[in-house]
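Structure record follows, encoded as structure tokens.
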Ligand SMILES: Nc1ncnc2c1ncn2[C@@H]1O[C@H](COP(=O)(O)OP(=O)(O)O)[C@@H](O)[C@H]1O
Ligand SMILES: [Mg+2]
């Protein structure tokens, strides 16, 4: 495991406390606030060049107060975009692959009670893609900061799945989406964290400032 004692690595309890607080915030939103946020987010997403260019896009089915990106679906389908959902990859430790989500995709409940494409459907190679083959990923998150750092649920699923972004080769666009209330002033960044390209919320688009080449 990379540098558990690195100075930038916050002690776990502090990180978990922040994670819990941010999750509590998004869960506290009413159904009405959720709907309004989702509408505002999707309106904003439709103006992003990174999404307008994309032909293969992953979304997610929201759970636990996550902002809902699904109103994008009809717009994406109309534009002929292929849409995918993240699914835990069988036989691979906690990483994701992306299964086609179109009318007729058979859905089941996974062990967390979240709907996802049936395993047999995703097992067919023609129905799925690895992350590097997507143009744009719409990524859920628990917290973000102004540098587009991301805090997830704590499983490191997206970090593991996107670890290839550190090497040469394809670099899909990563659009983190969240409620505005999920912004933290500064997130602890671990060596394995993959930063996002852009964050879109119900009130703003956050693009990180260009960093020094040495970063
Ligand atoms: N590329 C990777 N390879 C192996 N383990 C990883 C990788 N990325 C993350 N992890 C593991 O996932 C765990 C959770 O990562 P963390 O960044 O804290 O969660 P999240 O990104 O969900 O907020 C870490 O303790 C780390 O050990
Ligand atoms: Mg992480």
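Numbering (our numbering), first residue to last: -1 to 213. In this text, a Cβ means the ideal position worked out from N, Cα and C, and glycines have one as well.
Three Cβ pairs or more, each shorter than 8 Å: is that satisfied between the region 120 to 132 and the region 50 to 62?
A contact exists between the region 120 to 132 and the region 50 to 62.
Provide the residue span of the beta strand (DSSP E) that contains residue 49, from first to last.
Where residue 49 is concerned, there is no enclosing beta strand (DSSP E), although the alpha helix (DSSP H) it sits in stretches over 47 to 50.
Using three-state DSSP, classify residue 107 as helix, strand or coil.
If DSSP states are grouped into helix, strand and coil, residue 107 belongs with the strands.
Rounding to the nearest angstrom, what Cα-Cα distance links residue 159 and residue 127 in this structure?
Cα to Cα, residue 159 sits roughly 12 Å from residue 127.
Can you tell me whether residue 191 sits near ligand 2, meaning its C-beta is under 6 Å from at least one heavy atom of the ligand?
Correct: residue 191 has its Cβ closer than 6 Å to ligand 2.
Can you check which of these residues, 145, 166 and 140, is closest to residue 156 by C-alpha distance?
The candidate whose alpha carbon is nearest that of residue 156 is 140.
How is the beta strand (DSSP E) around residue 55 delimited, first residue to last?
That run of the beta strand (DSSP E) goes 54 to 56.
Would residue 90 be called buried (16 or more neighbouring beta carbons within 10 Å of its own) or exposed?
When all chains shown are included, residue 90 counts as exposed.
By how many angstroms is the C-alpha of residue 145 removed from the C-alpha of residue 205?
The straight-line gap from Cα to Cα measures roughly 7 Å.
Could you tell me which of 152, 100, 119 and 197 sits nearest to residue 73, measuring between CA atoms?
Of the listed residues, the one whose Cα sits closest to residue 73 is 100.
Mind checking whether residue 119 and residue 138 have CB atoms under 7 Å apart?
Not a contact, by the Cβ cut-off of 7 Å.
So, residue 24 versus residue 177, is the Cβ gap smaller than 7 Å?
The answer is yes: Cβ separation under 7 Å.
Is it the case that the CB of residue 188 approaches a heavy atom of ligand 1 more closely than 6 Å?
Within the cutoff, so yes.
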